[in-house]
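A.B. asks: Sharing a structure here in structure tokens format.
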Amino acid sequence: MALVAADLSRYAGVKVVVADTVAARQFSGTLVIGDGQAALRDLSRLMGLRLDRRDDGYRLELPAR
Numbered sequence: 001m002a003l004v005a006a007d008l009s010r011y012a013g014v015k016v017v018v019a020d021t022v023a024a025r026q027f028s029g030t031l032v033i034g035d036g037q038a039a040l041r042d043l044s045r046l047m048g049l050r051l052d053r054r055d056d057g058y059r060l061e062l063p064a065r
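Start counting the sequence shown at 1; every next residue gets the next number (our numbering).
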């Protein structure tokens with residue numbers, strides 16, 4: 001996930017960080033990055049992660065239990 005977040009940050013123009021608890025998760029697939037926010041929403045839903053909006057971008061993390 002850390003590599004995917006770095007790619008989304010670069011190509012979509014938004015800062016994306018991942019929590020340490022999900023950084024090593026694997027993702028295999030294709031995301032359309034024309035709309036960075038939509039790509040992030042899609043990724044978070046596909047991976048079962050929470051997408052947290054921050055002042056400076058987004059954070060992907062495990063959902064609260």
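Cβ atoms here follow ideal geometry from the backbone N, Cα and C, with glycine treated the same way.
1. Could you check the C-alpha separation between Gly29 and Asp7 for me, to the nearest Å?
2. Does DSSP put Gly36 in a helix, in a strand, or in coil?
3. Compute the Euclidean distance between the alpha carbons of Val14 and Gly36, then round it to the nearest angstrom.
4. Which of the three DSSP states is assigned to Arg53 in this structure?
5. Spatial neighbours of Val22 within its chain, please: CB distance less than 8 Å, with the 5 preceding and 5 following residues excluded, ordered by chain position.
C.D. replies: To lay it out plainly:
1. On the sequence shown, residue 29 is found 29 positions in, with the first residue counted as 1. On the sequence shown, residue 7 is found 7 positions in, with the first residue counted as 1. Rounded to whole angstroms, Gly29 to Asp7 spans 13 Å at the Cα level.
2. Taking the sequence shown and counting its residues from 1, one reaches residue 36 at position 36. DSSP places Gly36 in helix when its eight states are reduced to three.
3. Here residue 14 is taken as the residue at index 14 of the sequence shown, counted from 1. Here residue 36 is taken as the residue at index 36 of the sequence shown, counted from 1. Their Cα atoms are separated by approximately 7 Å.
4. For the purposes of this step, residue 53 is taken as the residue at position 53 of the sequence shown. Strand at Arg53.
5. To locate residue 22, count along the sequence shown from 1; it is residue 22. Excluding positions up to five away in sequence, the list reads Met1, Met47, Leu49, Leu60, Glu61, Leu62.
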